[in-house]
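Below is one structure, written out as structure tokens; comments come after it.
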Amino acid sequence: MSRIGKLPVSVPVGVEVAVNAEQVSVKGALGSLVLAQNAQVKIENKAGVLSFVPLDASRQASAMTGTMRQLVNNMVKGVSKGFDKKLTLIGVGYKAQAQGDKLNLTVGYSHPVVLDMPAGIKVETPTPTEILIKGADRQRVGQIASEVRAVRPPEPYKGKGIRYADEKVAIKETKKK
């Protein structure tokens, strides 16, 4: 069985977990998330501790045990603490501005780029060159951050563009005559 799948998930105070045959739902201070139940994994809730057991000895069931455990763990962390991604803009005149559920980017194009944020995702700009994306669903936060970065990915010669705060961009050397 998966090593990750063997670890239990403890449910903090203020978070409710409901497990039925079709889905797992988690409710907390930052929202509620729902995940489809996998037929190969049994989830047991014993006094605020979730354990995951494969229903058969197949390799697929073992793998899905670890996957389900980590997905539910991310849901529990998301509704209690939340997830965030920080992006930075590098380049002369590059700036970002959050207006409600919209993000306005000025990143060297002839027009500003406006991105709409879906429900459950909040965007902040502490400074004009920083973007902070927050939400309860880890996958959606990462996906939105990836879409914002894709507007102007960092280029390899000067490093200009939108990058994750912890991302290192390898700068290439220019051609020599």
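In the numbering used here, the protein residues as written are 2 to 178. Glycine included, every Cβ here is placed at the ideal spot set by N, Cα and C. Bear in mind that the values here come from a model prediction, so they are computed numbers and not experimental data.
- Taking C-beta atoms as the reference points, K7 and E17 fail to come closer than 9 Å.
- Under the three-state reduction of DSSP, G162 is assigned to strand.
- When only Cα atoms are considered, V149 and Q71 end up about 26 Å apart.
- Taken in chain order, the complete beta strand (DSSP E) segments of 3 residues or longer contained in the stretch 60-127 are 84-91, 96-100, 103-107, 114-117 and 122-125.
- Each of T126, V142 and G101 was checked against the Cα of D117, and the nearest Cα belongs to G101.
- Apart from sequence neighbours up to five positions away, the residues of its chain that approach G92 with a beta-carbon distance below 6 Å are K161, ordered along the chain.
- DSSP places Q24 in no alpha helix (DSSP H) but in the uninterrupted beta strand (DSSP E) bounded by Q24 to G29.
- Per DSSP, K7 lies in no beta strand (DSSP E); the unbroken alpha helix (DSSP H) holding it starts and ends at R4 to K7.
- With respect to L51, V80 sits apart: the two C-beta atoms are not nearer than 9 Å.
- Distance from the Cα of P127 is smallest, within the candidate group V108, L104, K176 and G143, for L104.
- The residue from A22, G94 and S33 with its alpha-carbon nearest to that of D138 is S33.
- In this structure the stretch 107-117 does not lie against the stretch 45-63, because fewer than three pairs of beta carbons, one per stretch, are closer than 8 Å.
- About 12 Å separates the Cβ atoms of R153 and G94, ruling out a contact at the 8 Å cut-off.
- In this structure, F53 and G136 do not form a Cβ contact; the two beta carbons are roughly 25 Å apart against a cut-off of 8 Å.
- Under DSSP, no beta-bridge partner is assigned to P13.
- The Cβ-Cβ distance between M65 and L36 does not fall below 9 Å.
- Bounds of the alpha helix (DSSP H) holding V149 are R139 to V152.
- Only residues of its own chain outside the window of five on either side were considered, and among them V80, G83 and A137 have a CB closer than 6 Å to the CB of L31, listed in chain order.
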